[in-house]
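The next block holds one structure in the form of structure tokens; read it before the comments.
Residue numbers (the numbering used here): 459 to 585.
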């Protein structure tokens, strides 16, 4: 047998370094939208991601359920998306911009609102 094998405990300086993996921004956008969708009050998220070197910036447009506390939902989305992108890619997330584009009303509020405004839904006294 000829040649020598590296011994255990040798430094990583001698080993070749794999090139950085180029991340497709469309794939990162789907990953970010899927992470945002896991927050209970969020629906229909769409994302756009820009990568420069090892840093990513994420823009999210989403709908939030009526009655949800928007700052809490936005903070939860930022945390979840940042953790997911960093864990799956090793990229550093510089910013996550959350834009609430819709706040759909529950079905019973949207139909009952018109009746209440006219007074049809309020029973008369004594009767």
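Every residue gets a Cβ at the ideal spot worked out from N, C-alpha and C, and that includes glycine. Note that the structure is a prediction, hence the values are computed from the model and not measured.
Alpha carbon of residue 526 to alpha carbon of residue 549, nearest angstrom: Position 68 of the chain shown, counting from 1, holds the residue named residue 526. Position 91 of the chain shown, counting from 1, holds the residue named residue 549. Taking the straight line from one Cα to the other gives about 31 angstroms.
Among 558, 497, 535, 513, the one whose alpha carbon lies nearest that of residue 547: To locate residue 547, count along the chain shown from 1; it is residue 89. Closest option to residue 547, Cα to Cα, is 513.
Proximal residues to residue 540 (C-beta, below 7 angstroms), its chain only, five neighbours per side dropped: Taking the first residue of the chain shown as position 1, residue 540 is located at position 82. Closer than 7 angstroms at Cβ, skipping near neighbours: 551, 554.
CB contact flag (residue 528, residue 559, <8 angstroms): Position 70 of the chain shown, counting from 1, holds the residue named residue 528. Position 101 of the chain shown, counting from 1, holds the residue named residue 559. The Cβ atoms of residue 528 and residue 559 do not sit closer than 8 angstroms to each other.
Residues near residue 489 by beta carbon distance below 7 angstroms, same chain, minus five either side: Position 31 of the chain shown, counted from the first residue, corresponds to residue 489. Excluding sequence positions up to five before and after residue 489, its CB lies within less than 7 angstroms of the CB of 542, 543, 546, all in the same chain and listed in chain order.
DSSP three-state assignment for residue 497, whether helix, strand or coil: Numbered from 1 along the chain shown, position 39 holds the residue referred to as residue 497. Residue 497: coil per DSSP, three-state reduction.
For residue 537 and residue 497, the rounded distance between their alpha carbons: Working through the chain shown from its first residue, we reach residue 497 at position 39. Working through the chain shown from its first residue, we reach residue 537 at position 79. In a straight line, the C-alpha of residue 497 is about 11 angstroms away from that of residue 537.
8 angstroms Cβ cutoff met for residue 503 and residue 515: Within the chain shown, numbered from 1, the residue matching residue 503 stands at position 45. Within the chain shown, numbered from 1, the residue matching residue 515 stands at position 57. Not a contact, by the Cβ cut-off of 8 angstroms.
Three-state secondary structure assigned by DSSP to residue 529: Sequence index remark: in the chain shown, residue 529 carries index 71 (1-based). Three-state result, residue 529: helix.
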